[in-house]
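*Asks:*
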Amino acid sequence: MSAPSALLSEVQFQCCICHDVFSEPVSIPCGHSFCYTCIASLWGDSTIISCPKCQTVFHGRPECVCVLCKITDHQAHDTVPVEQESREKKESLEVFAALFRAIERSRAELVEVMERKQKQAEESAQTFIAELEEEIRQLQKKRQEMEQLSHSEDHAHILQVWSQLLKPPHIKQQKISNSLCLQVDVYLDPKTANPWLTVSPDGRRLQDGEVEQDLPDASERFDTAPCALALRGFTTGRHYWEVEVGDKTAWDLGVARQSVSRKGVVTLSPQDGFWAVCLRNGWEYRACASQAELLCLSKRLQIVGVFLDYEGGMVSFYNADTKTHIYSFTETPFTEAVFPFFNPEMSYSGTNKSPLIIRPASVVYNSRDLEDITI
């Protein structure tokens with residue numbers, strides 16, 4: 062019985078056209094199966110299409126369906142001719158390939174733009190730093206000349222040289238690009254404010270309240286000096302903020318190390334962790350360096366800009382109204398967090414009662430936000 066069964070099984074899988082085992086077997090509507098190439102060659106371009114086995118005539122060329130799909134569980138599935146499926150897959154692949162090429166082109170263009178902008182930003186930053194360094198060299202040179210002049214007894218020579226020394230160094234105007242610094246929103250930390258000071262609910266105004274508040278003597282609070290720090294400190298990056306000083310006759314502004322002493326008398330100097338400028342007596346502007354330096358300003362300050370470059374070790378001050386540079390502390394190796402520092406000083410019987418007001422930040426410093434800043 063086994064031999065006839067094997068023979069019957071083999072006959073079932075033979076093409077009646079080529080009398081060989083099916084190659085790419087397909088089935089036509091009458092149910093008979095053939096090799097795809099055999100039935101396609103037999104029909105050729107003939108207009109009368111019939112089954113070579115049962116002679117059933119078809120109206121139009123029927124679709125040849127994969128035999129496996131008809132005799133297995135795939136028989137209920139939607140089917141399409143192999144050529145059509147191949148053509149559709151090829152078209153889909155071509156569309157995908159075109160899309161992939163377009164994405165690759167866009168990615169390459171984006172990378173190129175980013176690299177170009179990064180290079181421009183780095184070049185702009187280097188130019189800005191180089192001009193600041195040149196300004197510092199000129200100012201240091203003038204400082205040395207003034208120190209030498211202070212020891213001279215030749216009054217005529219002093220008068221002759223003095224007018225030249227008062228002229229600011231000629232440094233070309235430099236636009237601060239948006240790659241250099243981000244103007245930040247600064248808010249006061251009430252926990253650091255001296256009990257005699259009042260901090261506004263929005264955290265932007267600081268002034269003498271003229272009445273000592275009953276507040277906890279926390280370790281972070283200044284208990285003698287009328288000072289306060291910002292809520293947030295910085296350990297990296299470039300940052301800029303502005304403070305309205307208005308018609309005040311005394312104030313201190315700058316940055317302070319997180320670890321500065323907050324109890325007892327406070328000395329404003331880099332050695333003590335403060336980098337600040339101050340106003341006294343309504344007209345004396347000073348840089349609180351190791352030895353206080355008198356600042357010769359052509360206009361009274363109304364809004365002070367403070368620029369911190371943590372990695373660059375620099376703190377600079379600007380007249381935000383006239384966009385002019387006031388003073389810079391340089392070569393400062395910051396080793397811990399530094400915080401914006403504020404001292405509105407006491408009201409002095411009402412002559413200095415106006416608050417220090419921290420201005421809301423612009424988004425970024427660029428040529429539209431700040432026109433040419435004279436350095």
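First residue of the sequence shown? That's 62 in my numbering, and the numbers climb one at a time after it.
All C-beta atoms in this analysis are idealised placements derived from N, C-alpha and C, irrespective of residue type, glycine included.
Remember, predicted model here, so these are calculated numbers, not experimental data.
1) Any contact of the segment 282-290 with the segment 310-324, i.e. 3+ C-beta pairs under 8 Å?
2) If you check the beta carbons only, do N404 and K309 fall under 7 Å apart?
3) Going by DSSP, name the residue or residues bridged to M375.
4) In three-state DSSP terms, what is S88?
5) My output table needs one value for E152: the three-state DSSP class, helix, strand or coil.
6) Quick one: Cα of A169 to Cα of Q73, how far?
7) Check whether the segment 271-284 touches the segment 296-313, taking contact to mean three or more Cβ pairs, one atom from each stretch, closer than 8 Å.
8) Kindly indicate which residue of A279, P90, G264, D246 has the alpha-carbon position closest to the one of P256.
9) Evaluate A438 with the Cβ neighbour count: other Cβ atoms within 10 Å of its Cβ, from every protein chain shown; 16 or more gives buried, anything less gives exposed.
10) Tell me the start and end of each unbroken beta strand (DSSP E) in the segment 296-337 that is at least 3 residues and wholly inside, in chain order.
11) Going by the CB atoms, is the gap between D370 and R299 shorter than 7 Å?
12) Quick check on DSSP: helix, strand or coil for Y409?
13) Bridge partners of V82, per DSSP?
14) Of all the options V327, Y346, W104, which has the alpha carbon lying nearest to the alpha carbon of R361?
15) Should A137 go down as buried or exposed, given a rule of 16 or more other Cβ atoms within 10 Å for buried?
16) Helix, strand or coil for Y97? Go by DSSP, reduced to three states.
17) Would you grab the beta carbon distance between Y409 and G366 for me? Rounded to a whole angstrom, and I think it's under 8 Å.
18) Would you mind stating whether R420 and E303 have Cβ atoms separated by less than 7 Å?
19) Going by C-alpha distance, which of K114, E183, R122, I100 is nearest T108?
20) So what's E392 in DSSP terms, helix, strand or just coil?
21) Under the three-state reduction of DSSP, which class applies to R122: helix, strand or coil?
22) On the DSSP bridge assignment, give the partners of R162 in chain order.
23) Can you say whether S63 is buried or exposed, counting buried as having 16 or more other CB atoms within 10 angstroms of its CB?
24) Could you compute how far the alpha carbon of I190 sits from the alpha carbon of L154?
25) On the DSSP letters alone, give me the boundaries of the beta strand (DSSP E) that F437 sits inside.
26) I need the boundaries of the beta strand (DSSP E) containing I439, first residue and last residue.
27) Give me whichever residues DSSP pairs with A289 in a beta bridge.
28) If contacts are defined as beta-carbon pairs under 8 Å, then A15 and F402 qualify, I think. What distance do you get, rounded to the angstrom?
29) Please name the residue, chosen from H80, E305, T297, that lies closest to R266 on a Cα-to-Cα basis.
30) What residue from G307, G264, S185, D250 has the CA that sits closest to R282's CA?
31) Can you give me the Cβ contacts of E354 inside the same chain, cut-off strictly under 7 Å, excluding the 5 residues immediately before and after it?
32) Bridge partners of Q268, per DSSP?
33) Counting C-beta neighbours from all protein chains within 10 Å, is the total for A163 16 or more, i.e. buried, or is it exposed?
34) Helix, strand or coil: how does DSSP classify R361 here?
35) Go through its chain and collect everything with a Cβ distance to K252's Cβ below 8 Å, but skip five positions before and after it.
*Replies:* On the basis of the data shown:
1) Three or more Cβ pairs drawn from the segment 282-290 and the segment 310-324 lie within less than 8 Å of each other, which places the two stretches in contact.
2) Not a contact, by the Cβ cut-off of 7 Å.
3) The partner list for M375 (beta bridge, DSSP) reads D370.
4) The answer is strand: DSSP assigns S88 an E or B state.
5) It is helical.
6) Whole-angstrom Cα-Cα distance: 59 Å.
7) With the cut-off at 8 Å, the segment 271-284 and the segment 296-313 do not touch.
8) Considering only alpha carbons, the answer is A279.
9) One cannot answer for residue 438 here, as it falls past the ends of the chain, which runs 62 to 436.
10) List check, beta strand (DSSP E) in window: 299-305, 312-318.
11) Taking the C-beta atoms as reference points, D370 is found nearer than 7 Å to R299.
12) Coil.
13) V82 is bridged by DSSP to Q75.
14) Comparing Cα positions, the closest option is Y346.
15) With a pLDDT of only 49 at A137, under 50, the local geometry of the prediction cannot be trusted, and the value read off the model is given with reservation. With fewer than 16 other CB atoms across the displayed protein chains lying within 10 angstroms of its CB, A137 is exposed.
16) In the three-state reduction of the DSSP assignment, Y97 falls in the helix class.
17) At roughly 26 Å, the Cβ-Cβ gap does not stay under 8 Å, so Y409 and G366 are not in contact.
18) Annotated as proximal: R420 and E303, with beta-carbon spacing under 7 Å.
19) Of K114, E183, R122, I100, the smallest CA-CA separation from T108 is found for R122.
20) Coil at E392, not helix or strand.
21) It is coil, neither helix nor strand.
22) Residue pairing from DSSP leaves R162 without any beta-bridge partner.
23) The predicted model places S63 with a pLDDT of 45, which falls under 50 and marks its position as unreliable, so this point remains unresolved.
24) In this structure, the CA atom of I190 is about 53 Å from the CA atom of L154.
25) No answer is possible for residue 437: the residues shown for the chain start at 62 and end at 436.
26) In the structure displayed, the chain extends from 62 to 436; residue 439 sits before or after that span and is not available.
27) BP columns for A289 point to F403.
28) No statement about residue 15 is possible, as the shown extent of the chain runs from 62 to 436 and does not include it.
29) Put simply, of H80, E305, T297 the residue whose alpha carbon is nearest the alpha carbon of R266 is E305.
30) Of the listed residues, the one whose Cα sits closest to R282 is D250.
31) Correct list, in chain order: R347, A348.
32) Per DSSP, T259.
33) That one is exposed.
34) Reduced to three states, the DSSP call for R361 is coil.
35) Excluding positions up to five away in sequence, the list reads A279, E281, R282.
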